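This report concerns only the one structure given below.
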Amino acid sequence: MDALNDHDLEKLNDKDKAELRSFLNNESQKARVQSTVHSLTDMCFTKCITGNIKQGKLDKTEEGCMANCAERFLDISGLTMKHLQNLRQG
Amino acid sequence: MDSESVKAEVIKQVQTQYAMNNARELIEKINEHCFQKCVPKPGSSLSSGEQACFTQCMEKYMSAWNQVSTTYITRLRREGGQ
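Chains as they are written, first to last, in the working numbering: chain C, 1 to 90; chain R, 101 to 182.
Dropping the structure here:
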C-alpha cells in the first residue's frame, strides 16, 4: 500500500474533499455503532450464555436473551439521560 | 497521483483500518470469554475437548454478536436513527 503524504493530500480538489468528508462522517458513525455492538455483546454474552457450551449455534432461549439484554440496556441508558436531565432542571 | 486516486487511497486505508479494528476487538472478546468458559483449569496442553468447546464457543459468540447487531440496528431505525 502506498503511503500518502501531505503533499498528496494537497492534490485533492474541492469535490473530492467534500466526498471524503462525508465518507469519513459516515465511517465514524458506523464505528460508533460497531463499538456499541461490541460492548453490548460482551456484557450480554456473560449474562445469557451461562451453561456449558454444547453447540455452536445460539438456542432459542439464548437468542431471545441476547435481544432482550441489548434492548433493556439501551432502555436503561436512555433512563439515565432522562434522570440527569430532570436533576438539572429540578 | 491525481485527486481521484488520492481519494481512492484514503478510502481504502480507512476501510482497511476499520475492518482491522473490528476484527481485533472481536478476537479479543472471543479469547476472553471462551478461554474463561472452555479452559476452567489450564493443563499442560489443550485437550481435544477444550478445543472442541472453543470452536463452538467462537461460533456462538459470533452468532451472539450478529443477534445484538440486528437488534441494535433495528432499534436505531425505529427511533429514527438518532
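All residues carry an ideal CB built from backbone N, CA and C; glycine is no exception.
Every value quoted in this text rests on a predicted model; they were computed, and no experiment measured them.
>> Check whether chain C comes within 8 Å of asparagine 122/R, counting only Cβ atoms and requiring the distance to be less than that.
In response: Yes, contact with chain C.
> Around the Cβ of asparagine 13/C, are there at least 16 other Cβ atoms within 10 angstroms (buried) or fewer (exposed)?
Replying inline: Exposed: under 16 other Cβ atoms inside 10 Å.
> Just by C-beta distance, which residues in the segment 22–49 of chain C are closer than 9 Å to chain R?
Replying inline: Here the close residues are Phe23, Leu24, Glu27, Lys30, Ala31, Val33, Gln34, Ser35, Thr36, Val37, His38, Leu40, Thr41, Asp42, Cys44, Phe45, Thr46, Cys48, Ile49.
> Do the segment 136–153 of chain R and the segment 111–121 of chain R make contact, defined as three or more Cβ pairs closer than 8 Å?
Replying inline: Contact fails: fewer than three Cβ-Cβ distances are below 8 Å.
>> Does any residue of chain C have a CB that is nearer than 8 Å to the CB of lysine 141/R?
In response: Closer than 8 Å: no.
>> So leucine 9/C contacts chain R; which residues on that side make the cut at Cβ distance below 9 Å?
In response: Ordered by position in chain R, the residues that pass the 9 Å Cβ test against leucine 9/C are Val106, Val110.
> If you compare alpha carbons, which of Arg175/R, Ile173/R, Ser144/R, Glu132/R is closest to methionine 158/R?
Replying inline: Taking only the C-alpha atoms, the option nearest methionine 158/R is Glu132/R.
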